[in-house]
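Asks:
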Amino acid sequence: MIDIHSTEPGCGTDFTAITTTAQKKDGTYVIAITTTAQKKDGTYVINGEKQFVSLIPEITTYGGGFFVPYNAKGLTPTRFETLGLDIGGMKYDNVEVPDYYLLGEENKGYGVANESFILSRVPLSLVMTATAMRCVEEAMNYMKQREAFGRPIAAFGMMQHQLADTLANLEAARWLAYYAGWVTDQYLKGNATLEQVADAGAKAKLFASKYAIQALHDVLEWYGALGLTTEIDMHMAFRSMRMITVAEGTMNAMRIIIAMNALGREYIPWRWVPKK
40 MIDIHSTEPG CGTDFTAITT TAQKKDGTYV IAITTTAQKK DGTYVINGEK QFVSLIPEIT
100 TYGGGFFVPY NAKGLTPTRF ETLGLDIGGM KYDNVEVPDY YLLGEENKGY GVANESFILS
160 RVPLSLVMTA TAMRCVEEAM NYMKQREAFG RPIAAFGMMQ HQLADTLANL EAARWLAYYA
220 GWVTDQYLKG NATLEQVADA GAKAKLFASK YAIQALHDVL EWYGALGLTT EIDMHMAFRS
280 MRMITVAEGT MNAMRIIIAM NALGREYIPW RWVPKK
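This note's numbering numbers the first residue of the sequence shown as 40 and each following residue consecutively.
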């Protein structure tokens with residue numbers, strides 16, 4: 040398994056602000072903490088700390104990427120207690136890797152990492168949508184069996200109204216993800232730009248994040264008190280789904296990407312300067 044390590048204790052979405060370093064030494068990269076990578080005589084020395092797991096420490100302004108074996112000397116894994124999915128981090132203490140472990144060109148790792156984040160938003164959107172839909176299907180079976188006031192709760196109008204909204208939203212999320220997947224396929228064939236993939240993927244992930252979470256929230260409501268227990272798996276799906284909404288860019292980050300593509304990069308909030 041290969042992971043991308045870009046999140047650090049002090050940065051997440053803004054992964055250009057990472058501090059991992061890599062220094063080159065005798066044909067090897069030594070990877071080291073807050074993360075840096077310096078080159079010395081054919082070797083890279085990497086130092087730093089990565090959270091939420093990655094294997095690409097960044098170099099200088101636009102970064103660089105490396106393949107770092109899990110058993111590399113000086114690499115220490117850590118594990119975090121989380122709401123859902125098991126995640127952890129890595130500490131780099133003078134980790135040495137050969138210069139041929141460098142991914143792409145030195146000081147151009149930002150492009151490699153950015154493209155990987157953009158492309159991975161499509162499958163994440165489908166994961167969220169499919170997980171939510173599976174939970175809804177199980178909940179529908181429960182609604183038909185669970186009785187209240189002498190009839191199945193599936194026969195109550197409010198339950199049906201919520202279910203209808205949920206099914207419509209998840210269907211829309213699925214087709215947004217399918218379209219983003221088609222745009223990605225066109226990009227890989229040379230018929231679309233990475234910016235177009237970023238726009239379609241951001242829309243798909245934003246919509247899936249918002250409505251998959253809403254769907255699971257409704258599902259837990261349909262189960263009543265049972266939904267607050269660990270007797271069913273819905274609690275794990277809900278907690279894990281909430282973590283996935285943050286992966287590869289938060290919902291607010293997706294909104295920025297969508298608005299930037301619609302209005303133009305000159306209107307990026309932190310770059311906009313009033314005309315004199």
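The C-beta atom is built at its ideal place from N, Cα and C for all residues, glycine as well.
Tell me, please, whether the region 246-260 touches the region 158-172 by the rule of three or more beta-carbon pairs shorter than 8 Å.
Replies: yes
Asks: Which value, in whole angstroms, describes the spacing of the CA atoms of ASP272 and GLU305?
Replies: 46 Å
Asks: Whole angstroms is fine: what's the gap from LEU141's alpha carbon to ILE192's?
Replies: Roughly 59 Å between the two C-alpha positions.
Asks: Beta-carbon within less than 8 Å of LEU259's beta-carbon, same chain only, minus the 5 sequence neighbours each way: which residues are those?
Replies: GLY266, LEU267, MET273, HIS274, PHE277
Asks: If you pair each beta-carbon of the region 157-167 with each one of the region 210-217, do three or more pairs fall below 8 Å?
Replies: yes
Asks: Name the DSSP bridge partner or partners of PRO316?
Replies: The question about residue 316 has no answer, for the chain in this structure spans 40 to 315.
Asks: Drop a sphere of 10 angstroms on the beta-carbon of TRP221, count the other beta-carbons inside from all chains shown, and report buried for 16 or more, exposed for fewer.
Replies: Result: exposed.
Asks: Would the beta-carbon of VAL151 fall within 8 Å of that of GLY240?
Replies: no
Asks: Using the C-alpha atoms, what's the distance from ALA243 back to SER159?
Replies: 11 Å
Asks: If you count every other CB in all the chains shown that lies within 10 Å of the CB of ILE296, and 16 or more means buried, which is it?
Replies: buried
Asks: How far does the alpha helix (DSSP H) with ASP257 in it extend, from its first residue to its last?
Replies: 233-261
Asks: Leaving out the 5 sequence neighbours to the left and right, which residues in its chain are closer than 6 Å to ASP238 when beta-carbon positions are compared?
Replies: ASN300
Asks: Could you give the first and the last residue of the continuous alpha helix (DSSP H) run that contains GLY220?
Replies: For GLY220, the uninterrupted alpha helix (DSSP H) run begins and ends at 196-227, by DSSP.
Asks: What residues are listed by DSSP as bridge partners for ARG190?
Replies: ALA187
Asks: Taking 6 Å as the limit between beta carbons, can you name the residues of its chain near ALA247, skipping five residues before and five after?
Replies: SER164, MET167, THR168, ALA212
Asks: Is it buried or exposed, ILE197, if we count other Cβ atoms within 10 angstroms and call 16 or more buried?
Replies: According to the sequence as given, residue 197 is Met; it is not Ile. MET197 is exposed by the Cβ-count criterion.
Asks: Terminal residues of the continuous alpha helix (DSSP H) containing ILE296?
Replies: It spans 290-302 - the alpha helix (DSSP H) in which ILE296 sits, taken as one unbroken run.
Asks: Have a look at THR100 and GLN225 and give me their C-alpha separation to the nearest angstrom.
Replies: Low local confidence applies: a pLDDT of 39 at THR100 is under 50, so the model's placement there is unreliable, and no value is given.
Asks: Is DSSP giving ILE307 helix, strand or coil here?
Replies: ILE307: coil per DSSP, three-state reduction.
Asks: Closest to GLU234 by CA distance: which of MET129, GLY303, ASP132 is it?
Replies: GLY303
Asks: In angstroms, rounded to a whole number, what distance separates the CA positions of ASN208 and PHE156?
Replies: 24 Å
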